[in-house]
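Please read the structure below before turning to the comments.
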Amino acid sequence: MTGTPWANHYPGEVPLSLDYPKQSLGHFLEQSASLYPNQTAVSFLGKTLSYRQLLEQSYRFGNALKSLGVKKGDRIGIILPNSPQSIIAYYGALLIGAVVVQFNPMYMEREIHHQAADSGPQILVCLDLIYPKVINAIKGTPVEKIIVTSIKDYLPFPKNLLYPLKARKEGQYVEVSYSSNVLPFKNLIKSSSATPVKEDIDFSEDLALLQYTGGTTGLSKGVMLTHENLVSNTYQAMKWCWKCQPGKETMLSVLPFFHVYGMTVGMNLAIMLGAKMILLPRFQPADVLQTIEKERPTMFPGAPTMYIALLNHPDLKKYDLSSIEACISGSAPLPVEVQERFEEITGGRLVEGYGLTEASPVTHCNPIWGGRKNGSIGLPWPDTICKIVDPETLQEVERGKPGELIVKGPQVMKGYWNRPSETAEVLKDGWLLTGDIATVDEEGYFYIVDRKKNMIIAGGFNIYPREVEEVLFEHPAILEAAVIGVPDPYRGETVKAFIVLKEGHSVSESELNSFCRERLSAYKVPRLYEFRKELPKTMVGKVLKRALQEEESKGMSSQAESTNAS
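If you use full-length UniProt numbering, the sequence shown corresponds to residues 1 to 566, in order.
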């Protein structure tokens with residue numbers, strides 16, 4: 001494929017190349033606080049913070065970190081759901097030149113331990129509800145201090161007083177033993193100076209974020225994203241959403257900020273635009289519908305499972321969703337029927353995009369206003385060059401033929417943290433090898449047709465079969481295990497485990513489910529189990545997962561045929 005055929009199909013309002021501000025990612029918050037000081041920055045369960053207040057508290061948190069000995073380049077771990085604290089900790093760390101490490105609050109102890117040991121943060125910021133898990137998980141890691149916060153810390157009166165009573169009643173109250181190494185977030189903010197903090201950074205070289213992603217080895221690895229990577233991707237997103245008006249938009253931020261897509265589009269883009277962010281700590285369809293009607297968001301980035309859940313909610317017709325103007329769907333393929341029905345109900349636009357953690361994450365998207373192609377991931381973003389190549393030779397293939405998608409752009413990562421050999425496998429002369437098999441048409445629209453990586457995407461979460469298999473292998477009754485993704489009408493894919501038991505042993509599905517739930521995040525736990533006497537293998541003993549996938553496909557086809565016949 002020669003040239004950039006997508007250039008002829010770009011929205012007229014979007015430049016092919018941009019001039020990026022060479023600044024700290026944290027400066028976006030300073031700019032919006034200067035331009036829109038009294039504009040609501042955060043709306044959280046009835047509590048609001050203006051941009052002036054959000055910046056002031058970020059300065060206070062940055063000064064608190066400095067008083068605890070944090071220096072430029074040190075890592076700060078954040079294990080929080082979407083909340084004011086998660087934004088304050090994120091931007092406070094960036095403003096002093098620290099490197100943010102996002103943790104998924106759903107992680108089990110073993111997952112937290114691995115990531116903390118690998119990234120080496122001095123300090124972790126966590127929610128009180130998961131404090132007991134965190135305190136156990138950090139043993140043997142470089143973590144020296146934990147800063148603990150509670151949902152009630154940013155609830156309005158009287159919710160802040162009622163929250164502990166409700167938590168006790170529901171058995172979710174956690175008593176935290178504060179000490180010189182376990183510090184209360186709220187007190188740190190109050191006692192620290194609001195003096196502006198700013199650290200000079202090398203735009204292209206200094207890290208802003210270590211974002212962990214899985215791998216075929218089963219161990220997650222830290223993607224090194226610089227200030228340039230994240231500033232560029234946020235700037236690209238702002239230009240792509242060209243109709244959005246700075247200082248006037250309202251963003252529904254329910255995609256988790258610990259997920260790179262939610263972080264870039266739901267938080268960084270919102271702050272760059274000076275938008276009001278409506279924060280929801282978890283996705284619950286009824287809450288989201290009520291929030292849309294009450295708070296009137298104009299922007300709602302999400303994953304297909306979110307839109308599907310809303311469309312299938314029994315009370316959908318009771319709610320007015322007409323405020324929504326722009327939605328970019330990521331993390332998994334967007335079904336056309338979901339796209340069309342959601343647009344019909346809201347009157348807004350819902351388009352599919354594509355990205356990966358290693359690209360901050362967005363590389364492609366359909367034009368939001370006009371020019372989209374259903375089933376396509378759209379066009380490359382400004383300054384993003386793409387090729388379809390032979391996976392073995394990396395030579396470009398003829399247009400229309402499938403091959404591996406490789407990309408180059410300012411949003412492409414610096415590499416994997418402390419993993420030079422794995423970095424060399426995916427970064428070739430500045431090109432990022434995505435591992436996804438794609439095609440491109442004559443007009444420059446790209447289509448994902450398969451994945452080279454043996455990865456499952458369920459509900460927008462990446463699940464690596466090797467990790468699940470390793471947990472299954474720990475069970476004393478299991479001789480062999482193979483995990484694949486199978487189609488699921490709601491999650492896109494779900495996890496299925498094929499099990500071979502040791503002779504004389506037995507185990508039930510419910511027992512395996514409990515076993516896995518103690519060791520894996522809920523979304524990684526197999527939903528389906530199949531017990532077999534043996535697994536299909538190559539001559540050298542490698543399990544043929546492709547054969548299992550083909551059997552599943554044939555089984556589903558046969559089932560569909562029998563259903564149609566009846």
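No residue lacks a Cβ here, since even glycine has one placed at the ideal position from N, Cα and C.
Check                                                                                                                         : Outcome
L535 versus Q549: straight-line alpha-carbon distance, rounded                                                                : 12 Å
Exposed unless 16 or more other CB atoms sit within 10 angstroms - verdict on H505                                            : exposed
Burial state of K428 (16 or more Cβ within 10 Å)                                                                              : exposed
Continuous beta strand (DSSP E) stretch holding T226: start and end                                                           : 221 to 226
Residues of its chain near L356, where Cβ-Cβ distance is below 7 Å and the 5 sequence neighbours each way are ignored         : T434
Three or more C-beta pairs below 8 Å linking the segment 75 to 91 and the segment 268 to 283                                  : yes
Option in A438, K47, T250 with minimal Cα separation from G375                                                                : A438
V362 beta carbon less than 9 Å from that of Y212                                                                              : no
Three-state class that DSSP yields for R546 in the structure shown                                                            : helix
Status (buried if at least 16 other CB within 10 Å, exposed otherwise) for V540                                               : Low confidence applies here, because V540 scores a pLDDT of 48, under 50, leaving its location unreliable; read the following figure in that light. Answer is exposed; the Cβ neighbour count stays below 16.
First and last residue of the uninterrupted beta strand (DSSP E) at M272                                                      : Where M272 is concerned, there is no enclosing beta strand (DSSP E), although the alpha helix (DSSP H) it sits in stretches over 269 to 273.
Residues bridged to R349 (per DSSP)                                                                                           : A326
C516 beta carbon less than 9 Å from that of V486                                                                              : no
Nearest to Y178 (by Cα), restricted to the options E352, I135, T291                                                           : I135
Beta carbon of R491 nearer than 9 Å to that of A458                                                                           : yes
Whole alpha helix (DSSP H) elements within the UniProt domain "AMP-binding enzyme C-terminal" (467 to 542), 4-residue minimum : 509 to 517
Local conformation of Y447 per DSSP, three classes                                                                            : strand
G73 versus L95, F258, P314, R52, residue with shortest Cα-Cα distance                                                         : L95
Three-state secondary structure assigned by DSSP to D118                                                                      : helix
Cut-off 7 Å between Cβ atoms - residues of its own chain near T217, not counting five sequence neighbours on either side      : Annotation note: pLDDT 44 at T217 (below 50); position unreliable, coordinate value reported separately. Cβ neighbours of T217 beyond the five flanking positions: R466.
Distance, S180 Cα to V336 Cα                                                                                                  : 54 Å
Residues bridged to V14 (per DSSP)                                                                                            : DSSP lists no partner for V14.
Inter-residue Cα distance where the pair is L311 and C386                                                                     : 34 Å
Helix, strand or coil at L45 [DSSP, three-state]                                                                              : coil
L188 beta carbon less than 9 Å from that of R75                                                                               : no
Cβ-based burial, L316 [other Cβ within 10 Å; buried from 16]                                                                  : exposed
Alpha carbon of P367 to alpha carbon of L183, nearest angstrom                                                                : 46 Å
Of the listed residues F531, C365, L25, nearest to residue 585 (C-alpha basis)                                                : In the structure as shown, the chain begins at 1 and stops at 566. Residue 585 is therefore absent and cannot be evaluated.
9 Å Cβ cutoff, G330 in contact with chain B                                                                                   : In the structure shown, chain B cannot be found, because there is only a single protein chain.
Exposure of S43, with buried meaning 16 or more beta-carbon neighbours within 10 Å                                            : buried
Backbone secondary structure at D202 - three-state DSSP                                                                       : coil
Residue nearest to E470 in terms of C-alpha spacing, selected from P105, I499, P246                                           : I499
Span separating the alpha-carbon of E422 from that of K198                                                                    : 34 Å
Limits of the alpha helix (DSSP H) - the one that T305 falls within                                                           : 304 to 311
Whole-number beta carbon distance between V100 and Y90, since they are thought to touch under 8 Å                             : 6 Å
Exposure label - P19; buried when at least 16 CB within 10 Å                                                                  : According to the sequence shown, residue 19 is Asp rather than Pro. It is exposed - the Cβ of D19 has fewer than 16 other Cβ atoms within 10 Å.
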